[in-house]
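> Protein chains in written order, with my numbering: chain X, 6 to 179; chain B, 45 to 695; chain V, 265 to 420. Ideal Cβ placement from N, Cα and C applies to all residues, glycine included. Can you read through this structure? Questions will come right after.
Here it is, written out as structure tokens:
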């Protein structure tokens with residue numbers, strides 16, 4: 006047996022091992038907001054479509070905690086989270102939406118198809134509010150307390166298992 | 045109905061691949077069993093037909109935008125122009141894998157139909173190996189990425205009106221690379237077949253060569269086009285970033301280049317047997333490794349790709365089975381393959397061996413550099429590897445390779461004397477030295493571009509020398525191909541060296557009406573206006589540029605914002621002259637109202653891509669030459685057989 | 265040069281190839297240690313700074329209020345902050361990506377200057393607006409992939 010002939014096989018096995026190990030390592034590509042614990046910056050957004058209210062940062066200072074949902078009609082995971090937002094609303098959460106770089110007709114179509122859990126929807130064409138509150142993607146959900154302070158950030162779409170977590174965070178913010 | 049038909053055809057094709065594999069291996073074991081062996085070729089042919097049918101069904105579904113099919117609903121849109129609907133078929137993971145297996149099936153059918161040079165046993169083994177590879181990809185498609193999956197409820201409209209993907213370059217660039225990868229998989233099957241039956245002969249190399257050449261041409265075109273795409277689309281002014289996705293296409297090319305040359309030694313001289321087999325395995329494993337790195341997303345890249353770790357796991361498993369199996373077979377069998385013909389160090393073979401080893405070393409360097417971040421991440425250190433590593437370390441092996449490449453084709457096969465081609469070597473050395481001294485006196489440039497320029501000039505002349513003292517009309521097409529490809533390398537090299545040596549860059553904030561200059565160009569920013577497209581808004585600079593005080597040309601670089609999905613792109617504007625390109629990008633507005641302009645004057649940069657095209661053209665010439673001469677041999681053989689039959693009939 | 269003996273020729277070829285490949289491997293290993301561009305967080309860069317002039321990358325948040333454009337209109341200065349009040353000043357000449365704003369994440373490619381300022385050649389804004397649901401913190405990767413498939417079923 007010629008040992009040299011086995012070198013390629015061993016080199017390849019080493020590569021396989023490394024690649025397999027790396028595949029099992031989860032990649033953390035989240036960008037956490039530094040705004041958790043801070044007050045919402047001042048903003049004023051026009052309504053995202055006819056028939057809904059726009060939002061401003063002053064709307065949050067009425068003593069009631071709220072969920073602030075960053076979404077868009079073009080975003081696939083937002084479709085997946087729609088039923089869970091609906092569920093949150095049924096359980097008493099007040100959800101305000103910020104539609105990122107969207108068009109009124111698309112927003113209307115999306116809400117007609119997937120339901121409208123929002124009490125107000127602002128239109129953020131420049132991702133201005135999104136960036137200001139430290140969100141780096143769509144969808145994201147923030148818990149804002151009655152004084153307009155950001156208490157909690159949920160990155161990615163809301164799943165069934167996240168619903169109780171968000172409700173508990175809302176309760177804590179009360 | 046159409047979707048179900050396509051799926052059924054795909055399952056049947058997979059079953060035939062299994063039959064092809066099983067019959068092939070059984071026939072290999074007991075050579076006497078003619079009945080089983082007789083099934084192999086028809087199985088391969090019918091499999092090719094079925095998988096083509098399956099792919100045609102998918103194209104049809106995309107053409108009519110059948111929104112009850114998940115793949116169509118998530119990747120197409122009824123309002124898309126037809127050409128993008130069709131290209132949407134392979135513009136996604138599932139469709140591109142189906143394209144991959146279709147080409148593989150067609151290749152298998154073609155070998156089964158026309159390849160008669162090899163002993164039947166080797167052919168059976170080759171088709172069996174091809175069956176294994178196809179079966180793996182069928183399993184991948186059918187079990188984890190079924191392109192024909194239906195939606196429970198048909199969608200009302202498709203999701204895929206992404207304007208960014210409606211780019212004719214993007215529609216045809218990835219399939220070009222895929223076809224190259226598939227060509228290498230055929231070479232792999234030939235190598236495994238030859239290894240199984242220990243028939244590593246010149247005939248094997250001749251049968252494999254057209255596939256390697258074809259794959260190599262497609263890879264060359266794919267890399268060249270990809271480089272130009274990155275150059276004008278990214279707006280960074282560079283043409284190669286040593287990005288993992290780029291390396292993933294470069295590595296199979298390097299391996300295929302080495303394989304091409306060693307296969308031609310085996311075909312002409314019956315030497316380098318095991319080395320050719322090894323390269324056949326390595327070339328295909330590089331295309332699989334590349335696919336794995338790109339698709340699994342374990343390396344981050346500037347090129348956006350839909351990644352999915354589960355697919356990565358599947359590709360890794362296939363990679364393990366195919367390549368691990370082949371290397372194991374190699375380790376067990378390579379000893380029993382008898383030594384090929386001998387040759388002296390100073391011979392054409394010697395030069396080709398040297399270049400092969402250098403190419404393999406460059407391949408190792410690119411591979412290690414690409415995988416290094418993967419290794420360090422296992423120890424929680426995040427690194428990225430870029431030009432400061434690849435350029436100098438690659439050059440250490442590229443420069444000797446280029447020197448030998450200049451004189452190698454002048455050497456005779458088997459045994460030669462260096463002093464016989466002393467005059468040519470002296471000419472090459474004199475050219476290189478003269479270019480070296482001249483450029484270093486005239487301009488102050490870095491070492492690598494300087495060497496690149498000098499070698500490029502020398503190589504351009506040296507690459508034409510094999511045509512000397514030949515009757516040009518009677519020179520074989522394959523030789524023309526070699527000369528063209530080598531000349532193309534020289535042209536591309538001059539382009540690369542010139543780009544890095546002589547590029548001048550200007551970054552300035554310019555008020556509307558203001559002017560700046562870059563290299564010989566005077567550039568005036570006439571105005572900046574907002575413009576809007578069907579799905580984007582942009583600010584567009586109107587820039588008038590005049591070369592050396594000549595007639596001004598107007599450029600309109602843009603900074604675009606797309607809104608569905610949101611994305612910002614920089615649309616660079618180019619002015620191409622015979623001696624280079626002016627490259628302009630417009631940026632943000634600074635607080636005092638001036639606009640950022642970034643300009644590059646890149647002398648002779650276009651030679652890089654013209655060189656790439658010349659290399660590909662050389663490959664095409666060689667391929668056509670080889671196929672034509674093969675056909676001629678066949679006709680001759682057929683005529684001889686006819687005559688013999690006639691004579692026997694007469695007697 | 266004479267043709268080598270058969271037994272020797274294969275040995276010579278194998279040894280030659282091995283020497284070249286091992287040489288390439290060693291050279292690559294040596295060069296990678298020196299030339300790979302390491303990723304630093306601001307606090308790491310302050311604690312254990314890279315050699316001056318070595319190509320590295322710096323990632324962090326752009327400190328609100330720190331972004332300034334110099335008089336030439338093309339040079340940006342800002343500070344990248346990390347944990348524990350760590351703060352690295354950065355200078356960049358060029359066209360910044362659109363999504364690069366104060367308070368957002370950024371990765372700067374460049375080198376540390378002698379005065380402690382990071383000189384960036386390129387800025388990559390860390391801003392991905394469309395989460396593909398593979399990125400779910402607690403989930404194993406393959407589960408996330410399954411989820412991604414499920415969430416795209418029935419899309420309209």
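(1) Closest to residue 391 (chain B) by CA distance: which of B:354, B:406, B:377 and B:448 is it?
(2) Could you name the residues of the segment 321-336 of chain B whose beta carbon sits closer than 9 Å to any beta carbon of chain X, in the order they occur along the chain?
(3) With a threshold of 8 Å between beta-carbons, can residue 136 (chain X) be considered close to chain V, or not?
(4) Would you mind telling me which residues of chain B sit closer than 8 Å to residue 27 (chain X), beta carbon to beta carbon, in chain order?
(5) Could you list the residues in the segment 631-652 of chain B with a C-beta less than 7 Å from some C-beta on chain V, going in chain order?
(6) Using 8 Å as the cut-off, can you tell me whether the segment 316-336 of chain B makes contact with the segment 371-383 of chain B, which would need three or more C-beta pairs spanning the two stretches below that distance?
(7) If you draw a straight line from the alpha carbon of residue 253 (chain B) to that of residue 231 (chain B), how long is it in whole angstroms?
(8) With residue 198 (chain B) and residue 112 (chain B) assumed to form a contact (beta carbons below 8 Å), what rounded beta-carbon distance in angstroms separates them?
(9) Could you pull out every residue in the same chain whose Cβ sits closer than 6 Å to the Cβ of residue 377 (chain V), ignoring the five residues on either side in sequence?
(10) In chain V, which residues lie less than 7 Å from residue 7 (chain B) when you measure between Cβ atoms?
(11) Taking 8 Å as the CB-CB cut-off, is residue 17 (chain X) touching chain B?
(12) Using three-state DSSP, classify residue 220 (chain B) as helix, strand or coil.
(13) Suppose only complete runs of 4+ residues qualify. What are the alpha helix (DSSP H) ranges in the segment 318-378 of chain V, listed by chain order?
(14) Hey, how far is the Cα of residue 48 (chain B) from the Cα of residue 192 (chain B)?
(15) DSSP state of residue 675 (chain B), grouped into three classes?
(16) So residue 365 (chain V) contacts chain X; which residues on that side make the cut at Cβ distance below 7 Å?
(17) Taking a Cβ distance cut-off of 8 Å, strictly less, list which residues of the segment 314-338 of chain V are near chain B, in chain order.
(18) State the CB to CB distance for the pair residue 538 (chain B) and residue 501 (chain B), rounded to an integer number of angstroms; the pair is presumed to be in contact (CB under 8 Å).
(19) By the criterion of Cβ-Cβ separation under 8 Å, what are the contact partners of residue 156 (chain X) in chain V?
(20) Out of curiosity, what's the CA-to-CA distance linking residue 36 (chain B) and residue 452 (chain B)?
(21) I want to see whether chain X comes within less than 8 Å of residue 414 (chain B), judged by CB atoms only; does it?
(22) What does residue 342 (chain V) reach in chain B if we use C-beta pairs closer than 9 Å?
(23) Whose CA, out of B:504, B:624 and B:574, lies closest to the CA of residue 545 (chain B)?
(24) Using a C-beta cutoff of 8 Å, does residue 627 (chain B) count as contacting chain V?
(25) What is the rounded straight-line gap between the Cα of residue 401 (chain V) and the Cα of residue 263 (chain B)?
(26) Which residue marks the beginning of the alpha helix (DSSP H) containing residue 253 (chain B), and which one marks its end?
(27) Is it buried or exposed, residue 182 (chain B), if we count other Cβ atoms within 10 angstroms and call 16 or more buried?
(28) Return the Cβ separation of residue 547 (chain B) and residue 646 (chain B) in integer angstroms, given the expectation that the two are a contact with Cβ distance under 8 Å.
(29) Classify residue 416 (chain V): buried if its beta carbon has 16 or more other beta carbons within 10 angstroms, exposed otherwise.
(30) For residue 131 (chain B) and residue 216 (chain B), I'd like the C-alpha separation in whole angstroms.
(31) Between which two residues does the beta strand (DSSP E) containing residue 646 (chain B) stretch?
(32) Quick one: Cα of residue 298 (chain B) to Cα of residue 140 (chain B), how far?
(33) Just to confirm my understanding: we take residue 568 (chain B), look at its own chain, exclude 5 residues before and 5 after, and list those with CB closer than 6 Å. What are they?
(34) Note down the Cα distance separating residue 98 (chain X) from residue 47 (chain X), rounded to an integer number of angstroms.
(35) Roughly how many angstroms lie between the CA atoms of residue 126 (chain B) and residue 84 (chain X), to the nearest whole one?
(36) So is residue 526 (chain B) buried or exposed if we call it buried at 16+ other beta carbons inside 10 Å?
By the coordinates alone:
(1) Taking the second chain and counting its residues from 1, one reaches residue 391 (chain B) at position 347. For the residues B:354, B:406, B:377 and B:448, the minimum Cα distance to residue 391 (chain B) belongs to B:448.
(2) 322, 325, 326, 329, 333 and 336
(3) In the first chain, counting from the first residue as 1, residue 136 (chain X) sits at position 131. Residue 136 (chain X) counts as touching chain V.
(4) Mapped onto the first chain, residue 27 (chain X) falls at position 22. Simply 342, 418, 421 and 422.
(5) 631, 632, 634, 635, 636, 638, 640 and 642
(6) yes
(7) Counted from its first residue, the second chain places residue 253 (chain B) at position 209. Counted from its first residue, the second chain places residue 231 (chain B) at position 187. Approximately 8 Å, taken between the alpha carbons.
(8) Working through the second chain from its first residue, we reach residue 198 (chain B) at position 154. Working through the second chain from its first residue, we reach residue 112 (chain B) at position 68. That belief holds up - the Cβ atoms of residue 198 (chain B) and residue 112 (chain B) are roughly 4 Å apart, short of 8 Å.
(9) Numbered from 1 along the third chain, position 113 holds the residue referred to as residue 377 (chain V). 383.
(10) Residue 7 (chain B) falls outside the range modelled here, since chain B spans only 45 to 695, and no answer is possible.
(11) The count along the first chain starts at 1 and reaches residue 17 (chain X) at position 12. So, interface residue.
(12) In the second chain, residue 220 (chain B) corresponds to position 176, counting from 1. Here residue 220 (chain B) sits in helix by DSSP.
(13) none
(14) Looking up residue 48 (chain B) in the second chain gives position 4. Looking up residue 192 (chain B) in the second chain gives position 148. Using only the alpha carbons, I get a separation of about 7 Å.
(15) On the second chain, position 631 is the one that residue 675 (chain B) refers to. Note: residue 675 (chain B) maps to helix in three-state DSSP.
(16) By one-based count along the third chain, residue 365 (chain V) stands at place 101. Neighbours of residue 365 (chain V) on chain X, chain order: 136.
(17) 319, 321, 333, 336, 337 and 338
(18) If you number the second chain from 1, residue 538 (chain B) lands on position 494. If you number the second chain from 1, residue 501 (chain B) lands on position 457. At roughly 7 Å, the Cβ-Cβ gap stays under 8 Å, so residue 538 (chain B) and residue 501 (chain B) are in contact.
(19) For the purposes of this step, residue 156 (chain X) is taken as the residue at position 151 of the first chain. None at all; the shortest Cβ gap to chain V is about 18 Å.
(20) Residue 36 (chain B) is absent from the structure shown; chain B starts at 45 and stops at 695.
(21) The count along the second chain starts at 1 and reaches residue 414 (chain B) at position 370. Residue 414 (chain B) does not count as touching chain X.
(22) In the third chain, residue 342 (chain V) corresponds to position 78, counting from 1. Near residue 342 (chain V) there are no residues of chain B at all, since even the closest Cβ is about 14 Å away, more than 9 Å.
(23) By one-based count along the second chain, residue 545 (chain B) stands at place 501. Taking only the C-alpha atoms, the option nearest residue 545 (chain B) is B:624.
(24) Taking the first residue of the second chain as 1, we reach residue 627 (chain B) at position 583. No, residue 627 (chain B) lies away from the interface with chain V (no Cβ there is under 8 Å from its Cβ).
(25) As a first step, residue 401 (chain V) must be located in the third chain, where it is residue number 137. As a first step, residue 263 (chain B) must be located in the second chain, where it is residue number 219. Here the model assigns residue 401 (chain V) a pLDDT of 25, short of 50, so the residue's position is not dependable, and the following value carries that caveat. Using only the alpha carbons, I get a separation of about 38 Å.
(26) Start at 1 with the first residue of the second chain, and residue 253 (chain B) comes out as number 209. Where residue 253 (chain B) is concerned, the enclosing alpha helix (DSSP H) stretches over 246-278.
(27) Counting from one through the second chain, the residue named residue 182 (chain B) turns up at place 138. The residue in question, residue 182 (chain B), is buried, as its Cβ has 16 or more Cβ neighbours within 10 Å.
(28) Against the second chain, residue 547 (chain B) aligns to sequence position 503. Against the second chain, residue 646 (chain B) aligns to sequence position 602. Sure, about 5 Å apart at Cβ, within 8 Å.
(29) By one-based count along the third chain, residue 416 (chain V) stands at place 152. Low confidence applies here, because residue 416 (chain V) scores a pLDDT of 33, under 50, leaving its location unreliable and the question unanswered by this model.
(30) In the second chain, counting from the first residue as 1, residue 131 (chain B) sits at position 87. In the second chain, counting from the first residue as 1, residue 216 (chain B) sits at position 172. So the alpha carbons of these two residues sit roughly 8 Å apart.
(31) Taking the first residue of the second chain as 1, we reach residue 646 (chain B) at position 602. Residues 639-647.
(32) Within the second chain, numbered from 1, the residue matching residue 298 (chain B) stands at position 254. Within the second chain, numbered from 1, the residue matching residue 140 (chain B) stands at position 96. Whole-angstrom Cα-Cα distance: 23 Å.
(33) Walking along the second chain from the start, residue 568 (chain B) turns up at place 524. So the qualifying residues of the chain are 559 and 588.
(34) In the first chain, counting from the first residue as 1, residue 98 (chain X) sits at position 93. In the first chain, counting from the first residue as 1, residue 47 (chain X) sits at position 42. Taking the straight line joining both Cα atoms gives about 23 Å.
(35) Within the second chain, the letter at position 82 stands for residue 126 (chain B). Within the first chain, the letter at position 79 stands for residue 84 (chain X). Using only the alpha carbons, I get a separation of about 28 Å.
(36) Within the second chain, the letter at position 482 stands for residue 526 (chain B). Under this definition residue 526 (chain B) is a buried residue.
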